[in-house]
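In my numbering, the protein residues as written are 1 to 119.
Structure below.
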C-alpha cells in the first residue's frame, strides 16, 4: 500500500513524480549510464543504484547509495533513506548534477580532449 508500480511516465509528469518521491531505486543488472539516476538527482530525489551502474559517486556526494544488487541491500538502503532527514541528500543531488553534468562544461571538456588528440 506504500509502493506504487505505475508504469511509464514521460516529460513533465516524470519530473513531478520524481520530485515527490521519497527515493528512487534502480536495481539494474546491466547499465552503461542510467540516465534515470541523473534525472532523479536533478529532481532532488535521493537515489539507490546497484553496483552494476557507474553511479558510485552518489555516496561520496551524499545524495544516495551505491549497493550490491540484492533485495536485502535494497531494502536496507530504502529504509535508511526513508527514515533519515532527506533535505541534505536532496540538495546534494541537485548540486552534484549541476556541477558535474552541466552541458556547457561537458562540451568544453570534450572539445579540449578532441583538440589534444588532433594537435
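Ideal placement from N, C-alpha and C gives every residue a C-beta, glycine not left out.
Query raised in the report: Given that a residue counts as buried once 16 or more other Cβ atoms are within 10 Å of its Cβ, and exposed if not, what is residue 75?
Result: exposed
Query raised in the report: With a CB to CB cut of under 7 Å and the five nearest residues on each side skipped, what residues in its chain are close to residue 44?
Result: 19, 90, 93, 94
**Report entry** Alpha carbon of residue 7 to alpha carbon of residue 24, nearest angstrom
**Finding:** 14 Å
Query raised in the report: residue 13: which of 33, 27, 39 sits nearest, CA to CA?
Result: For the residues 33, 27, 39, the minimum Cα distance to residue 13 belongs to 39.
Report task. Look up residue 37 in the DSSP assignment and say whether it is helix, strand or coil. Result -> Residue 37 falls in the helix class under three-state DSSP.
Report task. Please report how far the alpha carbon of residue 77 lies from the alpha carbon of residue 65, in whole angstroms. Result -> The straight-line gap separating the alpha-carbon atoms of residue 77 and residue 65 is approximately 7 Å.
Requested in this report: Just mark residue 46 as buried or exposed, buried being the case when its beta carbon has 16 or more other beta carbons within 10 Å.
Outcome: Classification for residue 46: buried.
Query raised in the report: Within 10 angstroms of its Cβ, does residue 70 collect 16 or more other Cβ (buried), or is it exposed?
Result: exposed
Query raised in the report: How many Å lie between residue 41 and residue 34 at the Cα?
Result: 11 Å
Report task. Provide the residue span of the beta strand (DSSP E) that contains residue 64, from first to last. Result -> 64-67
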